[in-house]
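K.L.:
Mapping to numbering that gives the first Met the number 0: the sequence shown position 3 is 2, numbers consecutive.
For glycine and all other residues, C-beta sits at the position ideal for the given N, C-alpha and C.
Please read these numbers as outputs of a predicted model, since none were measured by experiment.
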Amino acid sequence: MASSLGWGKTELVDKVAEKAGITKKDAKTAIEATMEVIKDSVKDGAEIRLMGFGTFKKQHREARKGRNPQTGAEIEIAASDSLSFKSNVKY
């Protein structure tokens, strides 16, 4: 199931369902709802801190110049926002 390179949502659903003793359908619903709440909250400017896990926040990148790797031509890269996560788990 899980490779040494990591796993995706399907494997996460399986593990959560097993650990919580719930159906995979319920686990998928809970995971998707959690992801939506985090995305929507961060989009609205909130910083989500989950103690013992990590912090989700919005990362803004200003517009900048770049290069087309195929042609070498200079291009303008638009400003953008993305979701950032920083783990605070000690291994």
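1) Could you check where the beta strand (DSSP E) with Glu75 kicks off and where it finishes?
2) Could you tell me the boundaries of the alpha helix (DSSP H) in which Thr96 lies?
3) With a 10 Å radius around its C-beta and 16 neighbouring C-beta atoms as the bar for buried, classify Val36 as buried or exposed.
4) What does DSSP give as the partner residue(s) for Asp80 in the beta ladder?
5) Which whole-angstrom value describes the C-beta separation of Ser83 and Lys56, a residue pair presumed to lie in contact below a C-beta threshold of 8 Å?
6) Quick one: using the 10 Å Cβ neighbour count with 16 as the cut-off for buried, is Ala19 buried or exposed?
7) Any beta-carbon of chain B closer than 8 Å to the one on Gly65?
8) Less than 8 Å between the beta carbons of Ala16 and Lys23, yes or no?
9) Does DSSP classify Thr54 as helix, strand or coil?
P.N.:
Taking the structure as given:
1) On the sequence shown, position 76 is the one that residue 75 refers to. Counting along the chain, the beta strand (DSSP E) containing Glu75 begins and ends at Glu73 to Ile76.
2) The structure shown has nothing for residue 96, since the chain only spans 0 to 90.
3) By 1-based counting over the sequence shown, the position of residue 36 is 37. Classification of Val36: exposed, given that the 10 Å Cβ count is below 16.
4) On the sequence shown, position 81 is the one that residue 80 refers to. Its beta-bridge partners are His59.
5) Position 84 of the sequence shown, counted from the first residue, corresponds to residue 83. Position 57 of the sequence shown, counted from the first residue, corresponds to residue 56. 5 Å between Cβ atoms; contact.
6) The sequence position of residue 19 within the sequence shown is 20, counting from 1. Label assigned to Ala19: exposed.
7) Annotation note: the requested chain B is absent from the structure, which comprises a single protein chain.
8) For the purposes of this step, residue 16 is taken as residue 17 along the sequence shown, with counting starting at 1. For the purposes of this step, residue 23 is taken as residue 24 along the sequence shown, with counting starting at 1. Cβ atoms of Ala16 and Lys23: closer than 8 Å.
9) Stepping through the sequence shown from its first residue, residue 54 is reached at position 55. DSSP places Thr54 in strand when its eight states are reduced to three.
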